[in-house]
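Undergrad: In the working numbering, the protein residues as written are 1 to 316.
1. Pull up the distance between the alpha-carbon of residue 219 and that of residue 146, whole angstroms please.
2. Does the pairing of the region 85-92 with the region 106-117 give three or more beta-carbon distances under 8 Å?
3. What is the DSSP secondary structure of residue 176, reduced to helix, strand or coil?
4. Report the option in 67, 42, 250, 19 whose CA atom is closest to the CA atom of residue 128.
5. Do you know how far the Cα of residue 232 is from the Cα of residue 22?
6. Between which residues of its own chain and residue 209 is the CB-CB distance below 6 Å, once the five residues before and five after are set aside?
7. Using the Cα positions of residue 80 and residue 189, report the straight-line distance between them to the nearest angstrom.
8. Along the beta strand (DSSP E) that carries residue 126, what are the first and last residues, could you check?
9. Quick check: the Cα distance between residue 86 and residue 126, rounded to an integer number of angstroms?
10. Under the rule that 16 or more other beta-carbon atoms within 10 Å means buried, what is residue 137, buried or exposed?
11. Nearest by alpha-carbon distance to residue 149: which of 141, 140, 167, 163 is it?
12. Comparing C-alpha positions only, which one of 102, 186, 49 sits nearest to residue 165?
13. Between residue 169 and residue 184, is the Cβ-Cβ spacing less than 7 Å?
14. Alpha carbons only, please: which of 52, 273, 57 is nearest the one belonging to residue 4?
15. Find the nearest neighbour of residue 246 within the set 15, 14, 315, 116, judged by alpha-carbon distance.
16. How would you label residue 226, buried or exposed, when you count the other beta carbons within 10 angstroms and need 16 or more for buried?
17. Could you pull out every unbroken beta strand (DSSP E) segment of at least 3 residues lying fully inside the region 148-174, listed in chain order?
18. Kindly indicate the opening and closing residues of the alpha helix (DSSP H) around residue 207.
19. Do residue 67 and residue 78 have their CB atoms nearer than 7 Å?
20. Just the Cα atoms here: how many angstroms apart are residue 285 and residue 257?
21. Please name the residue, chosen from 187, 252, 238, 52, that lies closest to residue 267 on a Cα-to-Cα basis.
22. Taking Cβ to Cβ, would you say residue 49 is nearer than 7 Å to residue 69?
23. Count the other C-beta atoms from every protein chain shown that fall within 10 angstroms of the C-beta of residue 283, then say buried if there are 16 or more, exposed otherwise.
24. On the criterion of 16 or more Cβ atoms from any shown chain inside 10 Å, does residue 261 qualify as buried, or is it exposed?
25. Just the Cα atoms here: how many angstroms apart are residue 159 and residue 118?
26. Using CA atoms only, rank isn't needed, just tell me which of 273, 242, 250, 97 is closest to residue 374.
27. How far does the beta strand (DSSP E) with residue 96 in it extend, from its first residue to its last?
28. Considering only the alpha carbon of each residue, which of 271, 97, 14 lies closest to residue 178?
29. Can you tell me the Cα-Cα spacing of residue 248 and residue 313, whole angstroms?
30. Consult DSSP for residue 185 and reduce its assignment to one of helix, strand or coil.
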């Protein structure tokens with residue numbers, strides 16, 4: 001964990017100035033109240049290992065964290081609770097990654113953006129922090145590291161001499177217009193996911209969705225042999241397309257499927273469903289009918305272009 005002084009010139013709750021990066025302090029190397037806590041193992045089973053860590057930020061603020069690794073997984077998960085009562089402080093977490101790259105990739109709505117990791121120009125410096133959603137990734141040829149999270153939107157990936165530093169902004173503490181902004185208990189989860197290949201071939205987008213929408217487990221008392229091992233109402237054949245939304249149409253009983261191309265490529269994609277679909281048409285965001293598509297044995301095939309958002313109206 002690292003902390004920064006957070007004293008913007010004008011808009012306390014809205015602005016972050018580039019010069020705050022010059023005030024970096026690692027947790028445990030600042031005020032006397034800061035202490036890196038003890039580490040104790042809490043889980044050591046065949047499916048998961050985990051340790052619990054406690055940090056003291058100040059007399060009023062502290063961090064409780066569980067670091068876990070599941071079997072057959074390369075994702076190291078940090079489940080974190082922060083009791084936060086600071087003033088004009090900026091809390092971040094950072095990971096040095098042995099990856100050489102001059103650009104980093106950040107998820108945005110229905111796609112991604114790429115930003116430089118270097119500060120060669122004033123335009124580069126202005127991008128010292130980047131808005132992102134569920135993941136950020138830095139990759140060289142054949143290898144990369146992704147930083148996943150479930151509720152934070154400020155990212156930064158900056159080059160040093162030998163590696164890139166990946167940062168995730170966790171908490172600020174502005175005092176105007178609300179001097180209690182962000183004060184109290186915060187629960188958040190982030191994860192480090194090293195991978196081979198590019199973020200596309202490694203399935204980083206899917207790993208980020210899995211972190212944000214984990215499987216729900218339910219123990220049953222008796223076996224249910226009549227149920228299949230697995231079932232899915234919708235299946236997308238083409239890993240470059242994400243089924244993002246399934247909803248009822250606003251003005252009818254039809255189902256609306258909203259998909260988007262997530263890798264920046266183009267090609268055909270097939271959507272299969274167990275539902276008895278009678279017809280399917282492309283529609284716009286107002287759900288007005290467009291091109292009619294052929295339905296065959298519960299499957300619909302269409303062609304998408306890079307970052308295209310597709311709305312599909314299905315009549316059951």
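Where a beta carbon is used, it is the ideal one built from N, C-alpha and C, also for glycine.
TA: Once the coordinates are examined:
1. Mapped onto the chain shown, residue 219 falls at position 219. Mapped onto the chain shown, residue 146 falls at position 146. Taking the straight line from one Cα to the other gives about 33 Å.
2. A contact is defined here as three or more CB-CB pairs under 8 Å, and the region 85-92 fails this definition with respect to the region 106-117.
3. Taking the first residue of the chain shown as 1, we reach residue 176 at position 176. Here residue 176 sits in coil by DSSP.
4. To locate residue 128, count along the chain shown from 1; it is residue 128. Among 67, 42, 250, 19, the Cα nearest to that of residue 128 is on 19.
5. Taking the first residue of the chain shown as 1, we reach residue 22 at position 22. Taking the first residue of the chain shown as 1, we reach residue 232 at position 232. Computed Cα separation, rounded: 50 Å.
6. Counting from 1 along the chain shown, the entry for residue 209 is found at position 209. Excluding residues within five positions, none has a Cβ falling inside 6 Å.
7. Start at 1 with the first residue of the chain shown, and residue 80 comes out as number 80. Start at 1 with the first residue of the chain shown, and residue 189 comes out as number 189. Distance between the alpha carbons of residue 80 and residue 189 is about 6 Å.
8. Along the chain shown, one-based indexing puts residue 126 at 126. Residue 126 -> no beta strand (DSSP E), and no H or E assigned at all.
9. Looking up residue 86 in the chain shown gives position 86. Looking up residue 126 in the chain shown gives position 126. Between the alpha carbons of residue 86 and residue 126 lies a distance of about 26 Å.
10. Counting from one through the chain shown, the residue named residue 137 turns up at place 137. By the 10 Å Cβ count, residue 137 comes out buried.
11. As a position in the chain shown, residue 149 is number 149, starting the count at 1. Scanning 141, 140, 167, 163 for the CA closest to the CA of residue 149 turns up 167.
12. On the chain shown, position 165 is the one that residue 165 refers to. The shortest Cα separation from residue 165 among 102, 186, 49 belongs to 102.
13. The count along the chain shown starts at 1 and reaches residue 169 at position 169. The count along the chain shown starts at 1 and reaches residue 184 at position 184. The answer is no: Cβ separation not under 7 Å.
14. If you number the chain shown from 1, residue 4 lands on position 4. Taking only the C-alpha atoms, the option nearest residue 4 is 57.
15. Taking the chain shown and counting its residues from 1, the one referred to as residue 246 is at position 246. Looking at the Cα atoms, 315 is the closest of the given residues.
16. Here residue 226 is taken as the residue at index 226 of the chain shown, counted from 1. Exposed.
17. Along the length of the region 148-174, whole beta strand (DSSP E) runs at least 3 residues long occupy 154-159, 164-171, reported in chain order.
18. Locating residue 207 in the chain shown gives position 207, counting from the first residue. Residues 204-212.
19. As a first step, residue 67 must be located in the chain shown, where it is residue number 67. As a first step, residue 78 must be located in the chain shown, where it is residue number 78. Contact flag set, yes.
20. Your numbering for residue 285 matches position 285 in the chain shown. Your numbering for residue 257 matches position 257 in the chain shown. So the two alpha carbons sit approximately 11 Å from each other.
21. In the chain shown, residue 267 corresponds to position 267, counting from 1. When each option's Cα is compared against that of residue 267, the closest is 238.
22. Against the chain shown, residue 49 aligns to sequence position 49. Against the chain shown, residue 69 aligns to sequence position 69. Yes. Within cutoff.
23. Residue numbering aside, residue 283 sits at position 283 when the chain shown is read from its first letter. Buried.
24. Taking the chain shown and counting its residues from 1, the one referred to as residue 261 is at position 261. Burial call: buried.
25. For this step, residue 159 is matched to residue 159 along the chain shown. For this step, residue 118 is matched to residue 118 along the chain shown. Roughly 6 Å between the two C-alpha positions.
26. For residue 374 there is no data in the structure shown, the boundaries of the chain being 1 and 316.
27. Within the chain shown, the letter at position 96 stands for residue 96. Looking at the DSSP string, the run of the beta strand (DSSP E) that includes residue 96 is 89-97.
28. Here residue 178 refers to the residue found at position 178 when the chain shown is read from its first residue. For residue 178, the nearest C-alpha among the options comes from 14.
29. Locating residue 248 in the chain shown gives position 248, counting from the first residue. Locating residue 313 in the chain shown gives position 313, counting from the first residue. A straight-line Cα-Cα distance of about 9 Å links residue 248 and residue 313.
30. For this step, residue 185 is matched to residue 185 along the chain shown. Strand at residue 185.
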